[in-house]
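Data block below; observations after.
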Amino acid sequence: MRYQLTGILGTVDRPREFAALVESWENYVGTPLLVIDQSEEGYASRHPGHRVVKGDYLMGAPSAYRAVLELVDTPYFTVLEDDFQATPDTHYDALVDHMDLGFDFVGGALL
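Just so you know, the sequence shown maps onto residues 230 to 340 in the working numbering.
Shown next, in the form of structure tokens:
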């Protein structure tokens with residue numbers, strides 16, 4: 230599954246939560262993140278290895294996601310919140326498997 234899925238997230242002035250998300254994503258998912266950094270401090274750029282796009286402060290999540298969709302360079306993407314954390318039970322491989330079957334949209338319980 231590596232590099233078939235991009236995680237997209239917008240972040241606003243929550244550096245601790247964002248750092249925890251990045252660490253958990255790298256440990257359990259391992260695919261690229263596309264970050265819309267809407268913080269005033271620009272702290273998302275302190276995490277190398279992920280694409281960071283500067284967004285307007287408090288532009289709102291829907292606007293932020295639409296602004297970066299054209300930058301997704303993997304077959305699939307998932308939208309994340311900056312307080313999300315991946316765990317050993319986060320199975321994005323199953324999401325990719327379902328998408329490979331031809332689904333346009335996949336949703337489900339987050340455990």
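A virtual CB, placed ideally from N, CA and C, is assigned to each residue, including glycine.
Only residues of its own chain outside the window of five on either side were considered, and among them I265, Q267, A290, A293 have a CB closer than 6 angstroms to the CB of G239, listed in chain order.
If you check the CB distance, V258 and T319 come in under 8 angstroms.
Of the residues T235, Q314, E299, the one whose Cα lies closest to the Cα of H279 is T235. For the options D312, L262, V282, P261, the alpha carbon positioned closest to that of G271 is the one of V282. For A249, the closest alpha carbon among the candidates D302, E310, F334 is that of E310.
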